[in-house]
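Numbering (mature numbering (1 follows the signal peptide of the UniProt record, and there is no 0)), first residue to last: -16 to -1, 1 to 359.
Structure record follows, encoded as structure tokens.
Here it is as structure tokens:
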């Protein structure tokens, strides 16, 4: 049985058709239900159809849990400046089950935007982007370089619609958890885009639909990121970009801390990259990263990121090991882009692992905004 979750929009909006199976809904529900234990003795605010989620957000203080009842809420949300604490985060959750509360974005705004937030979690919603241009999609979360978004959890949501990216973090976002989401939709660039972020965990997400570029990208100096247990199978050019070719750094302040490479210290382990992506993985200006124990339906490329007169970041010193691959010639480096690589124990075969929301461990504690981002 398939649980259909339809936005109440016209047929030209491109928002119809997102679905999760009963089994996926149960698995996601288990993850979301644990969020209630992230705050002891919370202050609770209930939002019902006809009321404003944004108005509830304006009242939130550390330790607030905003429970949103089933219904469609036609308001793009702005979480800017929302500040919980590690032991008293601010929790925003769908109160009646995964996908029961729908947040429907506006044509000129991300469905959920946030600038300079800390210790905030978003759990169990159906988040629908509806933008036709501009750098806007479902989630867009960042902060000033001096005070980036920190301790943010995006857990157990259904992310769909039409937009530039499904989930985007940038500008130094740190201690990020993106866990147990189904990301469906039609994305002009990436299903998940990460620009200059660090200390992040992307785990047990199911990514399908379409994305022009990738299911996930980590670029512009991103580092210390773990990808584990994800099922990446969007129709895209590449499943996973370790590194990237973004040019936004040339149009804004860009601290030296984020210069010198596109990605480093990235661990991609235990994921499935399906055959909808033309390439399974691309290393682009990436170094000291690991690709291990994955199922990779298609090839792995290594290339440099070159912007004439601006930068030249080669890929080097990455490890590719213990993966199940399409064929023995799966590795496809550009000329000179295999320096320092170590390839070992990669072999053709069938998938040996389960990934995506259905693979989320049934035991374990809550995933709270301040939970350390480790696999």
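We treat Cβ as the ideally placed atom computed from N, Cα and C, and that holds for glycine.
On a predicted model such as this, the values are computed, not experimentally measured, just so you know.
Asked	Found
By the DSSP assignment, the alpha helix (DSSP H) with residue 12 in it spans what residues?	6 to 17
Quick one: Cα of residue 182 to Cα of residue 272, how far?	15 Å
Quick check: does the Cβ of residue 276 come within less than 7 Å of any heavy atom belonging to the ligand NAD?	Ligands displayed in this structure: none; no statement on the ligand NAD is therefore possible.
From residue 206 to residue 59, what does the alpha carbon distance come to, in whole angstroms?	31 Å
Just grab the DSSP bridge partners of residue 187 for me.	163 and 212
Where does residue 234 fall in DSSP's three states?	helix
Alpha carbon to alpha carbon, how far is residue 51 from residue 31? Give it in angstroms, no decimals.	6 Å
Check whether the Cβ atoms of residue 219 and residue 194 lie closer than 8 Å to each other.	yes
Apply the 10 Å Cβ neighbour rule to residue 231 and answer buried if 16 or more other Cβ atoms are within range, or exposed otherwise.	exposed
Answer with buried or exposed for residue 240, where buried requires no fewer than 16 other C-beta atoms within 10 angstroms of its C-beta.	exposed
Are the Cβ atoms of residue 133 and residue 153 separated by less than 8 Å?	yes
Comparing C-alpha positions only, which one of 313, 324 and 161 sits nearest to residue 350?	161
Does DSSP put residue 42 in a helix, in a strand, or in coil?	helix
For residue 305, I'd like the list of residues in its chain whose CB is within less than 6 Å of its CB, leaving aside the five on either flank, ordered along the chain.	276, 328 and 329
On the DSSP bridge assignment, give the partners of residue 114 in chain order.	146
Report the rounded CA-to-CA distance for residue 176 versus residue 353, giving the unit in angstroms.	19 Å
Is residue 282 closer than 8 Å to residue 259 when the C-beta atoms are compared?	yes
Figure out for me which residue from 118, 53 and 45 has the closest Cα to the Cα of residue 102.	45
For residue 117, is the classification buried or exposed, using 16 other Cβ atoms within 10 angstroms of its Cβ as the cut-off for buried?	exposed
State the Cα-Cα distance for the pair residue 87 and residue 268, rounded to the nearest angstrom.	35 Å
Determine which residues share a DSSP beta bridge with residue 239 and list them.	In the DSSP output, where bridge partners are listed per residue, residue 239 has none listed.
Hey, out of 155, 84, 163 and 111, whose CA is closest to residue 342's CA?	163
Do the segment 2 to 19 and the segment 87 to 100 meet, that is, are 3 or more Cβ pairs less than 8 Å apart?	no
Less than 8 Å separating the beta-carbons of residue 82 and residue 105?	no
I think residue 188 touches residue 340, with their Cβ atoms under 8 Å apart; what is that distance to the nearest whole Å?	7 Å
Put residue 37 into one of helix, strand or coil per three-state DSSP.	helix
Count the other CB atoms, across all protein chains shown, that sit within 10 Å of the CB of residue 291; report buried if there are 16 or more and exposed otherwise.	exposed
Where does residue 338 land, buried or exposed, given buried means 16+ other C-beta within 10 angstroms?	exposed
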